[in-house]
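The end of the sequence shown is residue 324 by the numbering used here, with every number in the run present.
Think of the CB as a built atom: it goes at the ideal place given N, C-alpha and C, for glycine as much as any other residue.
One structure is given below, encoded as structure tokens.
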Amino acid sequence: MQWRDDWQTRDHGYALIDPPPHPTYDLYQVVADALKEDAGDYGDITTLSTVPESTTATASFVAKSDGVVAGLYVADVVFSQVDPHVKVTWMVNDGDFVKPGQTLGIATGPARGILIGERIALNYMQRMSGIATQTASMVKAIGCCTRAKLLDTRKTVPGLRLLDKWAVKIGGGENHRIGLYDMVMIKDNHIAAAGGLAEAVHAVEKYMREKGVKRPVEVETRTIDEVKEALEVIDSAKDSMVTRIMLDNMVKKEDDGSVDVSMLEEALNLIGDRDVETEASGNVTMASVRQIAKTGVQFISTGAITHSVTALDISLIIETK
């Protein structure tokens with residue numbers, strides 16, 4: 004795909020964290036669609052009517068709040084599609100912590116191009132920076148001396164899946180499965196539809212062997228009995244394909260605001276040293292994530308870092324020449 008090739012060959016020292024893999028996601032098409040949505044059937048009538056074509060401008064991207072900046076490369080793609088004569092010089096890198104009033108970058112070139120691309124570029128930057136900021140805060144809350152890694156989920160904005168997950172990486176988190184295709188996740192509804200946990204696991208294993216498909220397999224459990232059932236399935240097969248057990252909603256919030264992780268700890272003790280990964284999910288907050296991590300669980304997944312973020316406030320201040 005052309006945008007992947009360009010990412011590999013072009014100089015982008017300000018954006019060094021690779022985008023997540025995806026077999027069909029086309030960043031250039033996503034940006035083109037956003038610009039078409041904005042332009043409608045006429046284009047930017049305000050800019051076209053008020054700004055002469057020959058006018059050039061300088062515009063400063065300025066942070067208006069604290070946070071971790073992300074999305075610089077995507078902003079570049081926006082302006083390159085609007086008008087290749089618009090050039091942006093970034094003064095920060097993806098993943099940098101920025102403060103209010105800090106200049107992030109300078110765009111120069113045709114004023115029309117800068118104005119037309121302004122809002123789309125800022126929308127991407129603000130959302131991605133908000134996700135990166137929230138992720139960085141939660142990674143910091145986990146702290147040192149645990150093996151827990153923070154994961155995102157598929158709770159992303161449709162059409163922005165790859166960008167949301169890219170922002171998580173920029174913020175210091177890791178990506179869970181990108182979509183439905185790269186990992187088997189047997190959740191409660193699959194278990195119900197298949198007739199039980201064992202039936203669902205056996206069906207998955209049969210399908211993958213018949214199709215010659217290899218993917219990680221995760222099984223969701225919500226109770227200690229379900230953990231025991233999952234372990235029975237794993238132990239009964241010499242070549243079990245289950246690679247991870249999700250321990251869902253085993254962290255309980257108490258009325259006094261404290262967090263009870265005893266159920267999660269019991270589940271982890273049952274799993275013991277088996278060759279299977281563990282993942283905690285549910286009731287993951289800034290206040291609880293450290294205590295969850297201290298249980299020894301390997302992964303902590305949360306949708307909050309993508310579905311409930313506050314966009315980082317960034318403005319673009321333009322001066323014409």
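{"query": "Pick from A195, D167, T226 and V236: whose alpha carbon is nearest that of E208?", "result": "V236"}
{"query": "With DSSP collapsed to three states, give me the class of E235.", "result": "helix"}
{"query": "For a quick check, are the C-beta atoms of V95 and Q105 less than 9 Å apart?", "result": "yes"}
{"query": "With a Cβ-Cβ cutoff of 9 Å, do I303 and V171 count as a contact?", "result": "no"}
{"query": "Could you pull out every residue in the same chain whose Cβ sits closer than 6 Å to the Cβ of G174, ignoring the five residues on either side in sequence?", "result": "V71, A135, T138 and A139"}
{"query": "In angstroms with no decimal places, state the Cα-to-Cα distance between S63 and R115.", "result": "15 Å"}
{"query": "Alpha carbon to alpha carbon, what distance is there between A206 and G342?", "result": "The structure shown has nothing for residue 342, since the chain only spans 4 to 324."}
{"query": "Assign T156 to one of two classes, buried (16 or more other C-beta atoms within 10 Å of its C-beta) or exposed (fewer than that).", "result": "buried"}
{"query": "Under DSSP, the beta strand (DSSP E) around A283 begins and ends at which residues?", "result": "E280 to S284"}
{"query": "Could you tell me the distance, in whole angstroms, from the CA atom of N192 to the CA atom of A203?", "result": "10 Å"}
{"query": "Considering I164, what are the terminal residues of the beta strand (DSSP E) in which it resides?", "result": "Per the sequence shown, residue 164 should be read as Arg rather than Ile. Segment R164 to I173 is the alpha helix (DSSP H) holding R164; no beta strand (DSSP E) there."}
{"query": "How many angstroms separate the CA atom of K256 from the CA atom of I248?", "result": "22 Å"}
{"query": "Quick one: what's D251 bridged to in DSSP?", "result": "S284"}
{"query": "For A328, which residues does DSSP report across the bridge?", "result": "Any answer about residue 328 is impossible in this case: the structure gives the chain only from 4 up to 324."}
{"query": "With three or more beta-carbon pairs closer than 8 Å as the criterion, would you say the region 38 to 53 touches the region 114 to 134?", "result": "yes"}
{"query": "At which residue ranges does the region 24 to 80 contain complete alpha helix (DSSP H) runs of 4 or more residues, listed in the order of the chain?", "result": "30 to 42 and 48 to 53"}
{"query": "Go ahead and label G98 buried or exposed: buried means 16 or more other beta carbons lie within 10 angstroms of its beta carbon, across all protein chains shown.", "result": "buried"}
{"query": "Nearest-angstrom Cα distance between D278 and P24?", "result": "26 Å"}
{"query": "Is there contact here, the region 209 to 221 with the region 175 to 190, by at least three beta-carbon pairs under 8 Å?", "result": "yes"}
{"query": "Can you grab the Cα-Cα spacing for the pair V197 / W169, in whole Å?", "result": "Val is not the amino acid found at residue 197; the sequence shown has Ala there. Rounded to whole angstroms, A197 to W169 spans 34 Å at the Cα level."}
{"query": "Between N126, S243 and V34, which has its C-alpha nearest R212's C-alpha?", "result": "S243"}
{"query": "Under the rule that 16 or more other beta-carbon atoms within 10 Å means buried, what is E282, buried or exposed?", "result": "buried"}
{"query": "Shortest alpha-carbon distance to V230 belongs to which of A195, M266 and G108?", "result": "M266"}
{"query": "Using C-beta distances below 6 Å, list every residue in its chain close to T305, excluding the 5 sequence neighbours before and after it, in chain order.", "result": "V287"}
{"query": "Pick out whichever of E56, A73 and D21 has its Cα sitting closest to the Cα of G133.", "result": "A73"}
{"query": "In terms of alpha-carbon separation, which member of A240, Y184 and A233 lies closest to V216?", "result": "Y184"}
{"query": "Between the region 143 to 154 and the region 287 to 299, can you find at least three pairs of beta-carbon atoms closer than 8 Å?", "result": "yes"}
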